[in-house]
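Asks:
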Amino acid sequence: MSFNKSQAQAIRHKEGPMLVLAGPGSGKTLVITQRTKYLIEEYGVDPSGILVITFTRAAAREMQERFQKLMAGTARVTFGTFHAVFFSILKHAYGYTAADILREEQKYAYLREILEHIELEIDDEADFLAGILSEISSVKNERIALESYHARNCPDQVFQKIYQTYEQKLQKARQLDFDDMMVYCLELFESRPDILKAWQNKYRYILIDECQDINQIQYDIVRLLAAPEDNLFIVGDDDQSIYRFRGAKPEIMLNFREDYPKAQRVLLDTNYRSTPDIVEGALRIIANNKARFPKQINTVRKKGRDIKFAECANPQEEYREVIRQLKYYREQGIEWNQMAILFRTNTQPGRLMERLLEYNIPFRAKDRIPNLYDHWITRDILAYIRLAVKELSRQDFFQIMNRPKRYFSREAFDKPVVEFQSLRNFYEGKNWMQERIDKMEYDLKLLKNMPPYSAVNYIRHGIGYEEYLKEYADFRRLSAEDLYDTLNQLQESARPYQNYEEWFRHMEEYTRELREQAAARIQVPDGVTLSTMHASKGLEYQLVILIDVNEGITPYRKAVLEADLEEERRMFYVAMTRAKTYLHIYSLQEQYGKKLSPSRFIGEYYLDRAGLVKGAPVNHKKYGDGVIREVQENKVKIYFPGPGKELLLDIHYCMSNQLLRLGVSKG
Numbered sequence: 131m132s133f134n135k136s137q138a139q140a141i142r143h144k145e146g147p148m149l150v151l152a153g154p155g156s157g158k159t160l161v162i163t164q165r166t167k168y169l170i171e172e173y174g175v176d177p178s179g180i181l182v183i184t185f186t187r188a189a190a191r192e193m194q195e196r197f198q199k200l201m202a203g204t205a206r207v208t209f210g211t212f213h214a215v216f217f218s219i220l221k222h223a224y225g226y227t228a229a230d231i232l233r234e235e236q237k238y239a240y241l242r243e244i245l246e247h248i249e250l251e252i253d254d255e256a257d258f259l260a261g262i263l264s265e266i267s268s269v270k271n272e273r274i275a276l277e278s279y280h281a282r283n284c285p286d287q288v289f290q291k292i293y294q295t296y297e298q299k300l301q302k303a304r305q306l307d308f309d310d311m312m313v314y315c316l317e318l319f320e321s322r323p324d325i326l327k328a329w330q331n332k333y334r335y336i337l338i339d340e341c342q343d344i345n346q347i348q349y350d351i352v353r354l355l356a357a358p359e360d361n362l363f364i365v366g367d368d369d370q371s372i373y374r375f376r377g378a379k380p381e382i383m384l385n386f387r388e389d390y391p392k393a394q395r396v397l398l399d400t401n402y403r404s405t406p407d408i409v410e411g412a413l414r415i416i417a418n419n420k421a422r423f424p425k426q427i428n429t430v431r432k433k434g435r436d437i438k439f440a441e442c443a444n445p446q447e448e449y450r451e452v453i454r455q456l457k458y459y460r461e462q463g464i465e466w467n468q469m470a471i472l473f474r475t476n477t478q479p480g481r482l483m484e485r486l487l488e489y490n491i492p493f494r495a496k497d498r499i500p501n502l503y504d505h506w507i508t509r510d511i512l513a514y515i516r517l518a519v520k521e522l523s524r525q526d527f528f529q530i531m532n533r534p535k536r537y538f539s540r541e542a543f544d545k546p547v548v549e550f551q552s553l554r555n556f557y558e559g560k561n562w563m564q565e566r567i568d569k570m571e572y573d574l575k576l577l578k579n580m581p582p583y584s585a586v587n588y589i590r591h592g593i594g595y596e597e598y599l600k601e602y603a604d605f606r607r608l609s610a611e612d613l614y615d616t617l618n619q620l621q622e623s624a625r626p627y628q629n630y631e632e633w634f635r636h637m638e639e640y641t642r643e644l645r646e647q648a649a650a651r652i653q654v655p656d657g658v659t660l661s662t663m664h665a666s667k668g669l670e671y672q673l674v675i676l677i678d679v680n681e682g683i684t685p686y687r688k689a690v691l692e693a694d695l696e697e698e699r700r701m702f703y704v705a706m707t708r709a710k711t712y713l714h715i716y717s718l719q720e721q722y723g724k725k726l727s728p729s730r731f732i733g734e735y736y737l738d739r740a741g742l743v744k745g746a747p748v749n750h751k752k753y754g755d756g757v758i759r760e761v762q763e764n765k766v767k768i769y770f771p772g773p774g775k776e777l778l779l780d781i782h783y784c785m786s787n788q789l790l791r792l793g794v795s796k797g
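Just add 130 to the spot in the sequence shown (first one is 1) and you have the working numbering.
1. Enumerated in chain order, which unbroken segments of the alpha helix (DSSP H) with a length of 4 residues or greater are wholly contained in the stretch 664-726?
2. Quick one: is D559 buried, meaning 16 or more other Cβ sit within 10 Å of its Cβ, or exposed?
3. According to DSSP, which residues form a beta bridge with E776?
4. Since A585 and L599 are thought to touch, with beta carbons under 8 Å apart, how far apart are those beta carbons, to the nearest angstrom?
5. Could you tell me which uninterrupted alpha helix (DSSP H) segments, each at least 4 residues in length, are contained entirely in the stretch 508-542, listed from first to last along the chain?
6. So, at 8 Å on beta carbons, what are the nonlocal neighbours of L103 in its own chain, with the 5 sequence-adjacent residues on each side left out?
7. So, helix, strand or coil for S729, using DSSP?
8. In whole angstroms, what separates the C-alpha of G174 from that of F493?
9. Between the C-alpha atoms of A495 and D615, what's the straight-line distance to the nearest angstrom?
10. Determine the closest residue to F217 out of M131, I248, Q198, D309, with distance taken between C-alpha atoms.
11. S729 and N787: beta carbons closer than 8 Å?
12. Answer with buried or exposed for R450, where buried requires no fewer than 16 other C-beta atoms within 10 angstroms of its C-beta.
13. By alpha-carbon positions, which one of E388, R642, I141, I372 ends up nearest to A689?
14. Is any heavy atom of the ligand MN found at a distance shorter than 7 Å from the C-beta of N561?
15. Pull up the distance between the alpha-carbon of Y703 and that of T429, whole angstroms please.
16. Near L779, which residues of its chain fall below 6 Å by C-beta distance, leaving aside the five closest residues on each side in sequence?
17. Exposed or buried, G210, counting other C-beta atoms within 10 Å across all chains shown (16 or more means buried)?
18. Within 10 angstroms of the Cβ of I248, are there 16 or more other Cβ atoms? Answer buried if so, exposed if not.
19. Give me, in chain order, the residues of the same chain whose beta-carbon lies closer than 7 Å to that of L737; leave out the 5 immediate sequence neighbours on both sides.
20. Given this structure, state the Cα-to-Cα distance separating Y537 from Q305, to the nearest angstrom.
21. Is I593 helix, strand or coil by DSSP?
22. Run the CB neighbour count on P424, radius 10 Å, all protein chains shown included, and call it buried at 16 or more, exposed below.
23. So Y333 is in the alpha helix (DSSP H); what residue range does that whole segment cover?
24. Below 7 Å CB to CB, which residues in the same chain sit around Y489 once its five sequence neighbours on both sides are set aside?
25. For R431, which residues in the same chain have their Cβ closer than 6 Å to its Cβ, ignoring the five residues on either side in sequence?
26. Taking the continuous beta strand (DSSP E) assigned at D755, which residues delimit it?
27. Helix, strand or coil for I252 per DSSP?
28. Just confirm the distance between the C-beta atoms of K667 and Q478, as a whole number of angstroms; I'd bet it's less than 8 Å.
29. Mind checking which residues open and close the alpha helix (DSSP H) that includes A624?
30. Would you list the one or two residues that DSSP bridges to H750?
31. Could you tell me which of Q721, M570, R540, E571 sits nearest to L617, measuring between CA atoms?
32. By how many angstroms is the C-alpha of R645 removed from the C-alpha of D656?
33. Select from Q346, N345, K332, E381 the residue whose C-alpha is nearest the C-alpha of A357.
34. Under 6 Å Cβ to Cβ from N418, same chain only, skipping five residues before and after it: list those, please.
35. Determine, using beta-carbon pairs with one atom in the stretch 708-715 and one in the stretch 396-413, whether at least three such pairs fall under 8 Å.
36. Would the stretch 183-198 count as touching the stretch 313-332 if we require 3 or more Cβ pairs under 8 Å?
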């Protein structure tokens, strides 16, 4: 087998630390498996002394299978995830068994018990529990003092109570979760030099895949394990580090040579996956990140089609265009499973999925795409509507009676059907409560004959449901805008329907079709992939379509700090480099009645910073063609002969607003 120069350099590396920068499609799995083979066959290393660590069981299994084919299945190299490797160490030290590991469903069961005990009323329970578990993981992995931790999902005191009770349950049951494996393993190595020495003697060569995803505690353990010989071979791409929310730090890779001054570094600088247009475009955007290794990547493929950008008037136009492109490429012979639609968050593709079902385009979702009509906010809105058009069931009434706050007590209801007169009798003499009862009865009468779109709008603004969402968001430390987005999607879905019956029928049919489609996808995996940018990492497709590439969506509106924006840019870079041959990028002009701006990343594509040099021709959206006279750190001085002006422009502003492009106007 032939290797390029940089691959050969990495494969033949023998001892000491090495950092391998492996860009998208550069053959990192090949390098890891071939280097392992080389250690055994050329350097005589005992296979049992080699440890290859990956981040997922699937990746470990794939790596091991590829290696065993190379070696005809004889070598006893250890392949495993961080958790599997560290648990093996704990098993030998403390006698833990698989039964001691807390299963995923047990975690959720424990947390539900805790919520009941502290009487916390949560509407979005699944999201809340997932968020709390992520925070528990952060506290453990970052080794943060609980009293110093600022919770993201609820008030600090509430989180501290949940965390402490959760830990008590684990200790009482003598169980450990995945994060405990890291904490206990580090504590073991730090307190027992003899045990550490035994494992250092066992694993003399350590290779780590996807090292850009490593967190601090994992890195600390690996450094101890690799000492004193430091035969640590790490492979990854700092430009693809997109898991900060899990504690991953690109700084670990960036500072590797500070930790290991003698470490060699090699860049796998050939992309075997994508066309030059895609690789160059992605590099132009990621070059705007400051915390990264500068890279020049070559491609072996011939020039392909330019990246296609399109600005759509609204989501409906975007969906029509996406479907048109999917059908076009299928007619050109590209299989459905070689196409992917990527998006920033898993709430984006709901309406698009409805359109795909309408056009019988098969699809499969990489992530759990929530059904809008199952959302707790939707359930609240539908409860209001059912109360307006049907009898006042106590179940529906209880769901929304204090959304917004009306201060109704459950003690006021003792029958399965609510009667407003009985409610008035219960609150007799309390004029402020009588006014609230009158207002609610009036609101429900108004809702009865409204078209669905108007009804959702009235519940939001006339009844005051958005006020409730704002209060709930403040308590949960959520963005109220995220909750309003769900309302926007729901209201938009109601627009085509004239009455509630039609709208309800559509919801039922869509939910049924979604279940049938999900069941069919289990047996027939052939379909267009729908995936978040996060979940797309490591995958590749002939055609990739990126949707909703707008400010506030990509990059996401919560990304305010420079580190957050750089991660958003890395995510976009990952999404672009999933494409092998064709890449389409769509942005919106308007959504939910609000004007949107195209993403700054599109502006960064059109305005390559490297091309901003004295004498370069440029074109400004307002001033026309010009010539660069001077380039400062963040500003550029340009002379525009048309208006006869010399202007000093902010480079970042021009990029973000797509005001400036290199080259002169055509025609």
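C-beta atoms are modelled at their ideal positions from N, C-alpha and C, and glycine is treated no differently. Given the structure is predicted, the values throughout are model-derived calculations rather than measurements.
Replies: With the structure as the only source:
1. Those alpha helix (DSSP H) runs which fall completely within the stretch 664-726 and span 4+ residues are 692-706.
2. According to the sequence shown, residue 559 is Gly rather than Asp. Around the beta carbon of G559, fewer than 16 other beta carbons lie within 10 angstroms, which makes this residue exposed.
3. In DSSP, E776 forms a bridge with Y769.
4. At roughly 17 Å, the Cβ-Cβ gap does not stay under 8 Å, so A585 and L599 are not in contact.
5. Taking only runs of at least 4 residues, the alpha helix (DSSP H) segments lying wholly in the stretch 508-542 are 524-530.
6. Residue 103 is absent from the structure shown; the chain starts at 131 and stops at 797.
7. If DSSP states are grouped into helix, strand and coil, S729 belongs with coil.
8. Their backbone Cα atoms lie some 49 Å apart in a straight line.
9. A direct Cα-Cα distance of roughly 21 Å separates A495 from D615.
10. Answer by Cα proximity: D309.
11. Against a cut-off of 8 Å, the Cβ pair of N787 and S729 comes out as no contact.
12. Taking all protein chains shown into account, R450 has fewer than 16 neighbouring C-beta atoms within 10 Å of its C-beta and is therefore exposed.
13. For A689, the closest C-alpha among the options E388, R642, I141, I372 is that of I372.
14. Ligands in the displayed structure: none, and consequently the ligand MN is not present.
15. Cα-Cα distance, rounded: 16 Å.
16. Around L779: V766.
17. Residue environment: G210 is assigned as buried (16 or more neighbouring CB atoms within 10 Å of its CB, all protein chains considered).
18. Under this definition I248 is an exposed residue.
19. Here the set comprises C784, M785, L790, R791, L792.
20. In this model, Y537 and Q305 are separated by some 43 Å (Cα to Cα).
21. Residue state, collapsed to three classes: coil.
22. Under a 10 Å Cβ-count criterion, P424 is classified as exposed, with fewer than 16 other Cβ atoms of the shown protein chains found around its own Cβ.
23. That residue, Y333, is in no alpha helix (DSSP H); it is neither H nor E in DSSP.
24. In its chain, beyond the 5 residues on either side, I453 have a beta carbon closer than 7 Å to the beta carbon of Y489.
25. Scanning its chain for C-beta atoms nearer than 6 Å, with the 5 sequence neighbours on each side dropped, one finds around R431 the residues T405, in chain order.
26. Boundaries of the beta strand (DSSP E) around D755: 754-761.
27. Judged by DSSP in its simplified three-state form, I252 adopts coil rather than helix or strand.
28. 18 Å between Cβ atoms; not a contact.
29. It spans 610-624 - the alpha helix (DSSP H) in which A624 sits, taken as one unbroken run.
30. Answer by DSSP bridge pairing, in chain order: G754, L790.
31. Measuring C-alpha to C-alpha distances from L617 to each of Q721, M570, R540, E571 identifies Q721 as the nearest.
32. Their Cα atoms are separated by approximately 17 Å.
33. Looking from the CA of A357, the closest CA among Q346, N345, K332, E381 belongs to K332.
34. Answer for N418: E734, listed in chain order.
35. The stretch 396-413 and the stretch 708-715 touch, with three or more beta-carbon pairs separated by less than 8 Å.
36. No: fewer than three Cβ pairs fall under 8 Å.
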